[in-house]
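Worksheet: the structure to be examined is printed underneath.
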Amino acid sequence: MARALGIDLGTTYSLVAVVKDGRAEVLKDENGEGRMPSAVFFGDDLEAGALVGWEAFAAERTRGGALLTSTKRFMGRGRSTAQAVLDRGARTFRLWPANDEDGERLVQLEVPDGQGGTRACTPVEVAAYVLKALKDRAEQEFGEEVSDAVITVPAYFDDAQRQATRDAGRLAGLRVLRLLAEPTAAAVAYGLDKEAEGRGQGTYVVFDLGGGTFDVSVLEFDRGLFRVRATAGDTALGGDDFDWPLAERMLRAAGVEPSTAQPHQTHQALAIARRAKEALTDRDAVDVEGVLSVGAETRPVTLSLTRDELERVILPVVNRCAGPCERALTDAGLTPDDLDGVILVGGSTRVPLVRAFAREFFRRDPLVDAHPDEVVAVGAALQADLLSGGERDLLLLDVTPLSLGLETMGGVVDRLVPRNSPIPCTATHTFTTYADQQTAMDFHVVQGEREKVEHCKSLARFKLRGIPPLGAGLARVAVTFQLDADGLLTVTAREQATGTTTAVEVKPSYGLTDAEVEQMLMASLDHAQQDIEERLLIEKRVEAERVLAATDKALREDGLLVDTDERGAIERAAAAVRAATRDVNRHALQAALEMLDRATQELAHRRMSKRIGEALEHKSVDEIAR
């Protein structure tokens, strides 16, 4: 059985775990540390590649360059959203200059290009470097290649953010078996551990506050069955929001205005703030020393802080957890008295004020016997082991965090999949034409809870053509939403009379296009150019074989639908494709496939007309109307 990894891709720290001898364990580095900072350093003197984790922080202190941290907050985000997050928090990096069209489609960060200039880098690339480093750790541990993985995501990640995470895994050379919600992963690890002790069944809340995101999920445990009842959260709320007010205080004390601080100054101040926050977990007061760079000068600074002062600063942030907690309980139809326990997950739940909030809100002492940093990675490893053939009595029933629907007349949302629907799932609604002789329909897929499209997130647009020209309201089109176990969406529209169908695998506008993923693959992460070209050529050859088989079948069955010249053109185009499959030029093969597509278009149209005629043959007008 091939090994499969469980990866907790966190905002501030990431971990990798694997099942050994039936038990999941977090893999450690050479210093015995399981956590790896989700940080990537691009140096001014590096022509390619990057330093990841603890090495990234060490390099930032001694070399010129850009240190990127907490970029998970920008996965799948548009530029305007990313700018708003930066405006109200730490500016640890710069956004790449872009025009409105480019900037809205994809967030890009500015990093050195190693040649004295700068280049654009996406949060997806940063995540890929982190994932690749975790993959390398596992391969060093086992002395063999490991490519299968379950990667966790915040439960409240939307479709764009999930797709961006999957793209990052692909860039890192991983085959992503599943995207698993972080609270669900934690529940699996906790529930299976407690079931081994003969307890742990019931209804629980998983309160997951990490470095950059907050999730709260209501789950039921029952002998290996994990059913998510409801989930809510905030993908821009976490421990980073505790650190920034303290870092602002440090910067001002050194004479630096936070809004104009350079990224390296912000990193220095944040490092001091985090040390103070962590020290106050079990102390009443601390004095934390550090340095801040001001101009050419390095100034020693000291942050003196009491726990009471810290709690006054972070109380407004902690109180933001109340809204998602209320929504999750309401959607599940429960009150705090209906719960059997509250499980704390994420490093930020070590903060005493956070634990006090959870205790007061849910009216019970939270359970703290699960390791808050490791429990998500452990749960992911258990699921990865199951998906790769491991024997384990385990069933996960997750839900979609946000509603999915279509825009209808007047810009109103028609919801096909309500939030907290169990996944995987399928939903179908039937629509009709609104004008006489209408032969095409436009569809706009959106995600969100508001009634108007303008307040929801646009996921995709597509068109169904070939609708028979009937009177308004006569043609009927069935639209099906199919949501897989990763929470990723495919939409199909089918005109019921003719069977004309179009489908779109939703590629969010804030995700990566196939061309962008291919471009990154060609230049990324320890893969030689030749290896990538060979893989892409193989994929194109497989596509060519499928197209040739379909063409040969069409000519055998319906060759009489084309004249001699048309048949000759199709056969010449097919021969060109066959010849190109024997060559090593992928682009030439693509060009040959496009030529064959053009040559067969008329045959395809005539075959469709023939099939429609056969379907209508021997039917009366009344039968057709029915």
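Per our numbering, the sequence shown starts with residue 683, numbered consecutively.
Every residue gets a Cβ at the ideal spot worked out from N, C-alpha and C, and that includes glycine.
C-alpha gap between residue i and residue j, whole angstroms
i, j, result
"Val1128", "Thr1162", "14 Å"
"Thr1282", "Pro1150", "23 Å"
"Val832", "Gly692", "14 Å"
"Asp830", "Ala1270", "32 Å"
"Val970", "Val900", "39 Å"
"Met757", "Gln797", "27 Å"
"Ala1014", "Asp925", "33 Å"
"Gly785", "Leu1141", "With a pLDDT of 45 at Gly785, under the threshold of 50, the modelled position of this residue cannot be trusted; read the value that follows with caution. Distance between the alpha carbons of Gly785 and Leu1141 is about 16 Å."
"Leu1156", "Glu1225", "38 Å"
"Val835", "Lys1235", "44 Å"
"Gly704", "Glu1131", "42 Å"
"Thr847", "Thr917", "14 Å"
"Glu1299", "Ala1175", "26 Å"
"Leu791", "Gly746", "17 Å"
"Ala1258", "Ala1274", "6 Å"
"Gln845", "Asp1020", "35 Å"
"Gly1319", "His1111", "Here the chain has residues from 683 to 1308 only, and residue 1319 is not among them."
"Phe1043", "Leu1049", "14 Å"
"Gln883", "Thr1017", "18 Å"
"Val808", "Gln1272", "31 Å"
"Leu733", "Gly725", "8 Å"
"Val701", "Ala1059", "11 Å"
"His1209", "Glu864", "Low confidence applies here, because His1209 scores a pLDDT of 42, under 50, leaving its location unreliable; read the following figure in that light. The straight-line gap from Cα to Cα measures roughly 30 Å."
"Gln944", "Val995", "24 Å"
"Thr694", "Leu997", "21 Å"
"Ser1070", "Leu856", "14 Å"
Residue i burial status per 10 Å Cβ neighbour count (16 or more: buried)
i, result
"Val698", "buried"
"Phe1039", "buried"
"Ser941", "exposed"
"Arg759", "buried"
"Val1266", "exposed"
"Met1123", "buried"
"Leu952", "buried"
"Glu1089", "buried"
"Asp1080", "buried"
"Asp1168", "buried"
"Phe723", "buried"
"Met1202", "The predicted model places Met1202 with a pLDDT of 48, which falls under 50 and marks its position as unreliable; any figure quoted below should be read in that light. By the neighbour-count rule (16 or more Cβ atoms within 10 Å), Met1202 is buried."
"Gln1211", "Low per-residue confidence applies at Gln1211: pLDDT is 47, beneath 50, and the placement is therefore not dependable enough to give any value."
"Thr980", "exposed"
"Pro779", "exposed"
"Asn1102", "buried"
"Ala748", "buried"
"Ala868", "buried"
"Ser1085", "buried"
Test item: CB-CB of residue i and residue j under 8 Å
i, j, result
"Val789", "Pro805", "yes"
"Ala1154", "Thr1115", "yes"
"Arg1289", "Asp1240", "yes"
"Asp922", "Gly894", "yes"
"Leu1243", "Leu1285", "yes"
"Gly1093", "Lys1145", "no"
"Val1099", "Thr1082", "yes"
"Ala870", "Leu1078", "Inspection of the sequence shows that residue 870 is occupied by Val rather than by Ala. Taking 8 Å as the Cβ cut-off, Val870 and Leu1078 qualify as a contacting pair."
"Ala810", "Ala854", "yes"
"Gln947", "Gly972", "no"
"Leu928", "Ser1030", "no"
Among the options, nearest to residue i - alpha-carbon criterion
i, options, result
"Met718", "Ala955, Val701 and Phe739", "Phe739"
"Ala914", "Val888, Asp923, Ser696 and Glu902", "Val888"
"Val1188", "Leu1219, Thr800, Gln843 and Ala1232", "Gln843"
"Val1229", "Phe903, Glu1248, Glu1276 and Glu1131", "Glu1276"
"Ala935", "Pro982, Thr963, Gly921 and His949", "Pro982"
"Glu1325", "Ala684, Ile1252, Gly1029 and Asp1166", "Outside the displayed range of the chain (683 to 1308) lies residue 1325, so it cannot be described from this structure."
"Asp1051", "Thr694, Gly920, Arg755 and Tyr872", "Tyr872"
"Pro1054", "Ser1070, Gly1028 and Gly714", "Gly1028"
"Arg860", "Ala1231, Ala815, Leu687 and Val793", "Leu687"
"Glu707", "Ser720, Ser1070, Gly937 and Gly1061", "Gly1061"
"Leu1237", "Arg1223, Ala1262 and Glu1253", "Glu1253"
"Ser975", "Glu715, Thr1031, Thr744 and Ala1297", "Thr744"
"Ser696", "Glu712, Asn713 and Trp736", "Trp736"
"Asp1158", "Ala1179, Ala815 and Val1095", "It is Arg, not Asp, that sits at residue 1158 in the sequence shown. The candidate whose alpha carbon is nearest that of Arg1158 is Ala1179."
"Leu962", "Ser986, Cys1007 and Ala978", "Ser986"
Cβ of residue i within 8 Å of any chain B Cβ
i, result
"Asp1240", "Given the protein chain composition of this structure (a single chain), no chain B is represented."
Any non-hydrogen atom of the ligand SAH within 7 Å of residue i CB
i, result
"Arg1288", "The model depicted lacks the ligand SAH and carries no ligand whatsoever."
Practice task
Count the C-beta pairs between the stretch 1019–1026 and the stretch 946–958 that are closer than 8 Å, then say yes if the count reaches three, no if not.
Solution key: no
Problem - Three-pair Cβ contact test at 8 Å for the stretch 1098–1106 versus the stretch 1061–1071 - result: Short answer: they don't touch.
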